[in-house]
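Just so you know, my numbering puts 841 at position 120 of the sequence shown, and the rest follows in order with no gaps.
Here a beta-carbon is modelled for each residue, glycine too, at the ideal position from N, C-alpha and C.
Please read the structure below before turning to the comments.
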Amino acid sequence: MKICFATNNPKKIEEVNAALAGNFELVSLTDIGCTDELPETGDTLEHNAFQKARYVKEHFGVDCFADDTGLEVDALEGEPGVYSGRYAGEPRSDERNIDLLLKNLENASIRTARFKTVIALLLNGEEYKFEGVAEGEILNKRTGNGGFGYDPIFLPNGYQKSFAELSLVEKNAISHRGKAVSELIAFLNHI
Ligand code: IMP
């Protein structure tokens, strides 16, 4: 079964492909001829995930799913949250986002945080939602070269390695998106 993952992020495609284990053929936005910047103007992850998926369905006519992810840091009252991608402003930069987060947490003793992912699926005229959460804490400095986004400064609970030090399979097993994708796949396998 073919399904479009409405993202321009090749790292995300790679992560989800690893989790799909050959049951589905994932097509990207490029594969369906979409080079548009997808709209995400809401103030919740759910709003943005559905906004992106509906945009693709409306303009390209394909069933698809879209994800939106945020990093909630307790010492910053849940920031950057839904604004994680643009935390340090436009153009989006993982490096500047991390620098700003580390600066804002310079004197913080409580560094607990969590990634949250919402996946919006549009299939056969119906809409479905899947969610995943990964709890952890924010490190004092970058560690590891893998992953993307805030991975080098996120230490998942129960691990001595940052997300950026884990293999794709290890990260998928415990990550916010990995959990949400597992729910999605379990659902797709039963329709
Ligand atoms: P988006 O909603 O997926 O675009 O993600 C919002 C922000 O969270 C961006 O800065 C991403 O780089 C970051 N992000 C999303 N997923 C992950 C992840 O799995 N690890 C680290 N950062 C992530």
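Rounded separation between residue i and residue j - CA only
i: F771; j: E852; result: 13 Å
i: Y804; j: I912; result: 34 Å
i: A727; j: F745; result: 15 Å
i: E761; j: N861; result: 30 Å
i: A841; j: E891; result: 24 Å
i: T756; j: E779; result: 15 Å
i: N866; j: L876; result: 14 Å
i: A809; j: L823; result: 12 Å
i: N845; j: I724; result: 12 Å
Distance cut-off 6 Å: residue i Cβ against heavy atoms of the ligand IMP
i: T790; result: yes
i: G806; result: yes
i: Y880; result: no
i: D795; result: no
i: G867; result: no
i: D913; result: The structure shown has nothing for residue 913, since the chain only spans 722 to 912.
i: D757; result: no
i: Y871; result: yes
Opposing strand residues paired with residue i [DSSP bridges]
i: I840; result: D788 and F851
i: L876; result: E858
i: I724; result: L747
i: T833; result: E858
Proximity test, residue i beta-carbon vs the ligand FMN heavy atom, cut-off 6 Å
i: L843; result: This structure does not include the ligand FMN; its bound ligands are the ligand IMP.
List in chain order: all unbroken alpha helix (DSSP H) runs of 4+ residues lying wholly within the region 746-805. 766-781
Specify whether the region 829-838 and the region 785-803 touch according to this definition: at least 3 beta carbon pairs, one from each stretch, less than 8 Å apart. yes
Assess contact between the region 876-890 and the region 844-862, defined as three or more Cβ pairs (one per stretch) separated by less than 8 Å. Is contact present? yes
Counting pairs of beta carbons, one from the region 817-826 and one from the region 866-873, are three or more of them closer than 8 Å? yes
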